[in-house]
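Residue numbers for the sequence shown, in this note's numbering: 671 to 975.
First the structure, in the form of structure tokens, and then the observations on it.
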Amino acid sequence: MKLIKALFLILLIGAALLVINSIFSVTMARIYFGRIERDGRYLKVEQEEVFFKVIGDGDPVLMIHGFAGSHFDFLELAKLLSSNRRVYLLDLPGFGLSTASNKGDYSRKGYAELVVDLMSLLNIEKADLIGHSFGGEVSLNIAYYFPERVNRLVLIDSSIHGDRDILPGFFARSKIMTRIAMRFYFQTFPVQRLLYTKGLGDKSLFSSETFGRYFSLVDHMSSSFIYEFINSDDTASISDKLGEIECSTLILWGEKDIILPVAEHGEPLARKIPNSILKVVEGSGHAPFLESPDRIAKEIIGFLE
Numbered sequence: 671m672k673l674i675k676a677l678f679l680i681l682l683i684g685a686a687l688l689v690i691n692s693i694f695s696v697t698m699a700r701i702y703f704g705r706i707e708r709d710g711r712y713l714k715v716e717q718e719e720v721f722f723k724v725i726g727d728g729d730p731v732l733m734i735h736g737f738a739g740s741h742f743d744f745l746e747l748a749k750l751l752s753s754n755r756r757v758y759l760l761d762l763p764g765f766g767l768s769t770a771s772n773k774g775d776y777s778r779k780g781y782a783e784l785v786v787d788l789m790s791l792l793n794i795e796k797a798d799l800i801g802h803s804f805g806g807e808v809s810l811n812i813a814y815y816f817p818e819r820v821n822r823l824v825l826i827d828s829s830i831h832g833d834r835d836i837l838p839g840f841f842a843r844s845k846i847m848t849r850i851a852m853r854f855y856f857q858t859f860p861v862q863r864l865l866y867t868k869g870l871g872d873k874s875l876f877s878s879e880t881f882g883r884y885f886s887l888v889d890h891m892s893s894s895f896i897y898e899f900i901n902s903d904d905t906a907s908i909s910d911k912l913g914e915i916e917c918s919t920l921i922l923w924g925e926k927d928i929i930l931p932v933a934e935h936g937e938p939l940a941r942k943i944p945n946s947i948l949k950v951v952e953g954s955g956h957a958p959f960l961e962s963p964d965r966i967a968k969e970i971i972g973f974l975e
């Protein structure tokens, strides 16, 4: 009997901690979300409301963020590139300030088609693409399926295998389980802070304000969208088509990326894409443009010119 009471007490305390953590996380997210600048505009693409921001004048450059990211991730880099470029920063449907209808195609190829449709609506015939992580995979799909729309390609710590293991498989089987996992695990402040700092090569560069904005947008993601995203058809990986990418490609990789290590991902990617060059950014993690924006801007400007 005592054992049963002890187990019940442990379960009760555990449940209380989960609820407290969730309430704390939602509160923090709302505080930071209220501080976010919204100085871009929306455009309806297919059935999605896509938020984007434009900086500078010149030849067009499109920047595509990674999973759970947003256009804010690229903002500092975009400012450095905008002196002689017209830079388009967009939030893919379901991420950042863009909404998701939960009826779209959320595969890499589906996102690629949506970005090309956005380009057409903005009268962009051809552009240079910059993609980070998941956004790099979307960019590769654009370069492969729509080569006539891509001038040059910049990949930053890009994924290529179409992995969707955001949550354990059990929690991806139903919308209810996905909602529970998102609210009490993935969208909690401690978990996201751990994941965020894991992506940094230099932990001393951690910024509470930058992380707070990032976290608020992760919290803003709909669990219904994540369910559709996880279960979208991404069986056709771009990895076996890399040899057919025709455009000039610059691959930038953080030396200390432990999410996608350069030896396991960056170097094989460079070997597979014919007209590519790999440059490793010393001391940086999974998002080197956040840690070394000046170095990344210099590399990209030199490549695009």
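A virtual CB, placed ideally from N, CA and C, is assigned to each residue, including glycine.
_8 Å Cβ shell around Y776 - same chain, five flanking residues per side excluded_ = P763, G764, A770, F895, E898, F899 and S902
*asked:* Bridge partners for E937 per DSSP, in chain order?
replied: For E937, which the question treats as bridged, DSSP gives no partner whatsoever.
*Considering only the beta carbon of each residue, do F854 and F885 sit closer than 8 Å?*
no
*asked:* Less than 8 Å between the beta carbons of E925 and G871, yes or no?
replied: yes
*Give the straight-line distance between the Cα atoms of V949 and D827, rounded to the nearest whole angstrom.*
Position check: residue 949 holds Lys in this sequence, whereas Val was assumed. Answer to the nearest angstrom: the Cα atoms are 11 Å apart.
*Beta-carbon gap between A699 and D889 smaller than 8 Å*: yes
_Under the three-state DSSP convention, the category Y702 falls into_ = helix
*If we ignore side chains and look at the alpha-carbon of each, how far apart do V785 and R819 end up?*
10 Å
*Rounded to whole angstroms, how far is the Cβ of N821 from the Cβ of K796, which I believe are closer than 8 Å?*
5 Å
*Have a look at T880, I850 and R849 and flag the residue whose alpha-carbon is nearest the alpha-carbon of R863.*
T880
*Can you tell which of S753, A967 and N811 has its C-alpha closest to the C-alpha of S907?*
N811
*Measure the Cβ-Cβ separation of G805 and I706 and say whether it is below 8 Å.*
no
*asked:* For R710, count the other beta carbons within 10 Å of its own beta carbon; 16 or more makes it buried, fewer makes it exposed. Which is it?
replied: It is Gly, not Arg, that sits at residue 710 in the sequence shown. Buried, by the Cβ-count rule.
*Considering only residues of the same chain and omitting the five flanking positions on each side of F816, which have a CB-CB separation below 6 Å?*
V786
*Three-state class that DSSP yields for E783 in the structure shown*: helix
*Reducing DSSP to helix, strand and coil, say where E719 ends up.*
strand
*Three-state secondary structure (DSSP) of D729*: strand
*Pick out the complete alpha helix (DSSP H) segments inside the segment 855-892, 4 residues or longer, and give them in chain order.*
859-868 and 878-890
*asked:* Taking a contact to mean a Cβ-Cβ separation below 8 Å, would you say Y758 touches F722 in this structure?
replied: yes
*Return yes when the Cβ of L788 is within less than 8 Å of the Cβ of V715, no when it is not.*
yes
*asked:* Can you give me the C-alpha to C-alpha distance between T697 and A738, rounded to a whole angstrom?
replied: 19 Å
_Which listed residue (V808, P730 and S740) has its alpha carbon closest to that of H831_ = V808
_6 Å CB neighbourhood of I725 in its chain, flanking five on each side removed_ = A748, S752 and V757
*Taking Cβ positions, are I966 and F973 nearer each other than 8 Å?*
no
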